[in-house]
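*Asks:* When we follow the UniProt record's numbering, the leftmost residue of the sequence shown carries the number 1, and every step to the right adds one. Built from N, CA and C at the ideal position, the CB exists for glycine as well.
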Amino acid sequence: MKCADVLIIGGGLAGLTAAIELSTKGYRVVVVEKKPYPRHKVCGEYISQEIVPYMQGIGVNLIANDFPQIDTLQLSAQNGPAVSVKLPLGGIGISRYELDNLLYEKCIYNNVKFIFSTVTNVQFNSDDFKVTIESNPKIKAGLVFGAFGKRSNLDVSLKRRTPRQKSPWLAVKCHYEYGKHPSNVVGLHNFEGGYAGISQVEKGKINLCYLASFESFKSYGNIEAFNAEVVSKNPFLAEFLSNAIPVFQNPLSIAQISFGKRPLVSNHILMCGDTAGIIHPLCGNGMAMAIHGAYIAASVAHKFLSGYELSRTSMEKQYEKEWNAHFKNRIRLGEWLQSVMLHTKWFNLGLRTIAKSDYLLQSIIRQTHGTPILN
Ligand SMILES: Cc1cc2nc3c(=O)[nH]c(=O)nc-3n(C[C@H](O)[C@H](O)[C@H](O)COP(=O)(O)OP(=O)(O)OC[C@H]3O[C@@H](n4cnc5c(N)ncnc54)[C@H](O)[C@@H]3O)c2cc1C
């Protein structure tokens with residue numbers, strides 16, 4: 001049986017960040033990921049500046065490259081006003097195709113081992129794990145991180161979700177060219193039953209990504225009809241979609257999404273990224289949270305693995321404490337903001353109030369974001 005100090009299930013932003021941190025400290029790290037790199041992913045692709053210096057520190061350069069610098073948020077209601085405000089920290093437009101691949105390359109440089117397959121089961125036996133991987137021998141590991149994203153086969157086998165639990169959202173993403181959208185602006189535009197984020201990524205491409213309730217989507221049955229009949233009721237989105245040309249042959253979509261906090265430790269596995277908790281995408285902070293959370297998990301894991309500071313139980317408690325201190329309130333605020341944004345009357349009223357003072361909106365944005373990671 002092969003052995004690893006740490007096995008990480010899922011090589012998205014959280015899993016790759018944890019792999020870089022732990023391999024830099026000298027541990028033997030294995031990442032099991034379903035899909036090879038580079039690959040597109042459903043995401044708004046606006047990443048907060050709060051993690052840029054940290055990424056630089058771990059050897060992932062987001063500064064030297066010519067990624068769009070975003071400093072303004074534009075908000076609009078379907079039948080109401082539009083407001084623009086300067087973002088307190090701002091962010092970068094970068095595709096997941098590019099970003100995940102940059103982290104993957106750093107992992108390869110650090111000698112992290114990758115297995116491109118699916119983890120089907122994890123057993124904890126007194127002080128180590130046996131991890132079952134589709135069509136591969138079992139791997140023994142001293143510690144396992146769960147970074148398998150919003151939804152996985154493992155949620156059910158680890159009893160983190162029942163098969164009947166409701167996941168009422170779907171998301172659609174496509175890159176476009178020739179559309180009109182300024183490179184320094186991230187737009188957030190509401191429509192009946194959902195909202196769309198729009199921003200530039202590298203090479204002048206524009207990403208349009210929206211979240212819609214399955215309830216509002218189901219009677220249209222396909223993305224083209226939904227774009228024409230529902231998304232385009234918002235005048236900003238109508239104008240964009242009528243000029244822009246899709247780069248993808250077909251938009252990407254994912255269904256059965258739910259939001260909120262989840263167990264941070266299950267069967268002694270430390271969960272990070274979306275597996276630990278999913279913030280509503282309108283906050284534009286899920287990627288930074290996934291990276292920051294993975295940094296926290298790797299830091300407490302180091303105190304356990306190095307054998308002198310924390311026992312397994314105290315490591316798990318420490319992780320829960322630090323994660324909650326950083327992210328619990330942001331997830332709650334995101335829930336509240338999303339319910340306001342999807343309520344046409346309240347959202348209209350809210351935008352009219354906000355239009356009178358940038359300060360109010362900026363202070364809400366500050367509370368959905370964190371401060372730069374200090375490592
Ligand atoms: C519509 C939408 C728009 C968003 N827009 C933004 C935005 O603009 N800005 C922002 O900061 N955040 C945004 N987010 C949030 C952001 O996308 C996530 O928070 C982020 O991707 C979380 O990273 P992760 O590593 O936890 O999960 P993921 O990136 O989903 O990675 C999980 C990985 O695990 C793998 N996996 C799953 N199960 C297994 C298994 N059993 N075995 C092996 N591998 C497995 C998957 O293949 C996947 O690669 C958005 C989210 C949504 C839904």
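Do the CB positions of residue 354 and residue 83 come within less than 7 Å of each other?
*Replies:* In the sequence shown, the residue the question calls residue 354 occupies position 354. In the sequence shown, the residue the question calls residue 83 occupies position 83. Contact: yes.
*Asks:* Compare the Cα-Cα distances from residue 10 to each of 252, 153, 74, 192 and report the closest residue.
*Replies:* Numbered from its first residue, the sequence shown carries residue 10 at position 10. Ranking the options by Cα distance to residue 10, first place goes to 153.
*Asks:* Measuring straight from C-alpha to C-alpha, what distance separates residue 377 and residue 239?
*Replies:* Lying outside 1 to 375, the shown extent of the chain, residue 377 is not represented and no answer is given.
*Asks:* Leaving out the 5 sequence neighbours to the left and right, which residues in its chain are closer than 8 Å to residue 118 when beta-carbon positions are compared?
*Replies:* Locating residue 118 in the sequence shown gives position 118, counting from the first residue. Here the set comprises 32, 34, 133, 134, 153.
*Asks:* How is the alpha helix (DSSP H) around residue 210 delimited, first residue to last?
*Replies:* One-based indexing of the sequence shown puts residue 210 at position 210. Taken as a continuous stretch (DSSP letters only), residue 210 belongs to no alpha helix (DSSP H), being part of the beta strand (DSSP E) at 206–213.
*Asks:* Between the beta-carbon of residue 44 and the beta-carbon of residue 263, is there less than 7 Å?
*Replies:* Numbered from 1 along the sequence shown, position 44 holds the residue referred to as residue 44. Numbered from 1 along the sequence shown, position 263 holds the residue referred to as residue 263. Cβ distance not < 7 Å, so residue 44 and residue 263 don't count as in contact.
*Asks:* Are the CB atoms of residue 121 and residue 23 within a distance shorter than 7 Å?
*Replies:* Working through the sequence shown from its first residue, we reach residue 23 at position 23. Working through the sequence shown from its first residue, we reach residue 121 at position 121. Taking 7 Å as the Cβ cut-off, residue 23 and residue 121 do not qualify as a contacting pair.
*Asks:* With DSSP as the reference, label residue 386 as helix, strand or coil.
*Replies:* Residue 386 is absent from the model: the chain starts at 1 and stops at 375.
*Asks:* What do you reckon, is the C-beta of residue 239 under 6 Å from a heavy atom of ligand 1?
*Replies:* Along the sequence shown, read from residue 1 onward, the residue named residue 239 stands at position 239. Not under cutoff, so the answer is no.
*Asks:* Is residue 232 close to chain C? Criterion is C-beta to C-beta, closer than 7 Å.
*Replies:* Protein chain content of the structure displayed is limited to a single chain, and chain C is not contained in it.
*Asks:* Whose C-alpha, out of 309, 79, 258, is nearest the C-alpha of residue 344?
*Replies:* Numbered from its first residue, the sequence shown carries residue 344 at position 344. Among 309, 79, 258, the Cα nearest to that of residue 344 belongs to 79.
*Asks:* Ligand 1 heavy atoms versus the CB of residue 281: any closer than 6 Å?
*Replies:* By 1-based counting over the sequence shown, the position of residue 281 is 281. Answer for residue 281: yes, Cβ within range of ligand 1.
*Asks:* If you follow the alpha helix (DSSP H) that residue 235 is part of, which residue opens it and which one closes it?
*Replies:* Taking the sequence shown and counting its residues from 1, one reaches residue 235 at position 235. Counting along the chain, the alpha helix (DSSP H) containing residue 235 begins and ends at 235–243.
*Asks:* Restricting to runs no shorter than 3 residues, where is the beta strand (DSSP E) found entirely within the region 104–172?
*Replies:* Runs of the beta strand (DSSP E) inside the region 104–172: 113–116, 119–125, 128–133, 139–146.
*Asks:* From this set, 50, 90, 237, 81, which residue's C-alpha is nearest residue 69's C-alpha?
*Replies:* Residue mapping note: residue 69 aligns to position 69 of the sequence shown, counting from 1. Cα-wise, what sits closest to residue 69 is 90.
*Asks:* In angstroms, rounded to a whole number, what distance separates the CA positions of residue 112 and residue 321?
*Replies:* Position 112 of the sequence shown, counting from 1, holds the residue named residue 112. Position 321 of the sequence shown, counting from 1, holds the residue named residue 321. Roughly 28 Å between the two C-alpha positions.
*Asks:* Take residue 258 as the anchor and find which of 248, 233, 276 has the nearest alpha-carbon.
*Replies:* Numbered from 1 along the sequence shown, position 258 holds the residue referred to as residue 258. The shortest C-alpha separation from residue 258 is found at 276.
*Asks:* Consider the C-beta atom of residue 155 and the heavy atoms of ligand 1; say whether any pair is separated by less than 6 Å.
*Replies:* Here residue 155 refers to the residue found at position 155 when the sequence shown is read from its first residue. No, ligand 1 has no heavy atom inside 6 Å of this Cβ.
*Asks:* Does the beta-carbon of residue 19 have 16 or more other beta-carbons within 10 angstroms, so that it is buried, or is it exposed?
*Replies:* As a first step, residue 19 is located in the sequence shown; it is residue number 19 there, counting from the start. It counts as buried.
*Asks:* With H, G and I counted as helix, E and B as strand and the rest as coil, what does DSSP make of residue 257?
*Replies:* Sequence index remark: in the sequence shown, residue 257 carries index 257 (1-based). DSSP places residue 257 in strand when its eight states are reduced to three.
*Asks:* Tell me which residues share the same chain as residue 268 and place their Cβ nearer than 8 Å to its Cβ, disregarding the 5 neighbours each side in the sequence.
*Replies:* Residue 268 sits at position 268 when you count from the first residue of the sequence shown. Excluding sequence neighbours, residue 268 sits near 124, 129, 144, 312, 316.
*Asks:* Smallest Cα separation from residue 169: which of 336, 341, 254?
*Replies:* Along the sequence shown, one-based indexing puts residue 169 at 169. Among 336, 341, 254, the Cα nearest to that of residue 169 belongs to 254.
*Asks:* Closer than 8 Å is the cut-off here; do at least three beta carbon pairs connect the region 54–63 with the region 36–43?
*Replies:* Not touching, per the Cβ criterion.
*Asks:* What ranges does the alpha helix (DSSP H) occupy inside the region 21–81, keeping only unbroken runs of at least 4 residues that lie completely in it?
*Replies:* The qualifying runs are 52–57.
*Asks:* Compute the Euclidean distance between the alpha carbons of residue 318 and residue 300, then round it to the nearest angstrom.
*Replies:* Taking the sequence shown and counting its residues from 1, one reaches residue 318 at position 318. Taking the sequence shown and counting its residues from 1, one reaches residue 300 at position 300. Going from the Cα of residue 318 to the Cα of residue 300 covers about 7 Å.
*Asks:* Tell me, please, whether the region 333–349 touches the region 181–198 by the rule of three or more beta-carbon pairs shorter than 8 Å.
*Replies:* Flag = yes, the region 333–349 and the region 181–198 touch.
*Asks:* Judging by CA-CA distance, which residue of 12, 334, 356, 306 is the nearest neighbour of residue 116?
*Replies:* Within the sequence shown, numbered from 1, the residue matching residue 116 stands at position 116. The shortest Cα separation from residue 116 among 12, 334, 356, 306 belongs to 12.
*Asks:* Quick one: give me the first and last residue of the beta strand (DSSP E) that residue 363 is part of.
*Replies:* Indexing the sequence shown from 1 puts residue 363 at position 363. Looking at the DSSP string, residue 363 is not in any beta strand (DSSP E); the run it does join, the alpha helix (DSSP H), is 358–368.
*Asks:* With DSSP as the reference, identify every bridge partner of residue 90, one or two as the case may be.
*Replies:* Taking the first residue of the sequence shown as 1, we reach residue 90 at position 90. Answer is none; residue 90 lacks a bridge partner.
*Asks:* For residue 97, which of 234, 207, 333, 198 has the nearest alpha-carbon?
*Replies:* Mapped onto the sequence shown, residue 97 falls at position 97. Answer by Cα proximity: 207.
*Asks:* Relative to the C-alpha of residue 261, which residue among 200, 335, 220, 252 is closest?
*Replies:* As a first step, residue 261 must be located in the sequence shown, where it is residue number 261. It is 335 whose Cα lies nearest to the Cα of residue 261.
*Asks:* Quick check on this structure: which residue in 155, 126, 114 has the alpha carbon closest to the alpha carbon of residue 136?
*Replies:* The count along the sequence shown starts at 1 and reaches residue 136 at position 136. Among 155, 126, 114, the Cα nearest to that of residue 136 is on 114.
*Asks:* Which residue comes first and which comes last in the alpha helix (DSSP H) that contains residue 298?
*Replies:* As a first step, residue 298 is located in the sequence shown; it is residue number 298 there, counting from the start. Start and end: 286–305.
*Asks:* Please tell me whether, using a cut-off of 6 Å, the distance from the CB of residue 340 to the nearest non-hydrogen atom of ligand 1 is below it.
*Replies:* Translated into the one-based positions of the sequence shown, residue 340 becomes position 340. Incorrect: residue 340 has no Cβ contact closer than 6 Å to ligand 1.
*Asks:* Going by DSSP, what residue range makes up the alpha helix (DSSP H) through residue 223?
*Replies:* Locating residue 223 in the sequence shown gives position 223, where the first residue counts as 1. Note, residue 223: alpha helix (DSSP H), 223–229.
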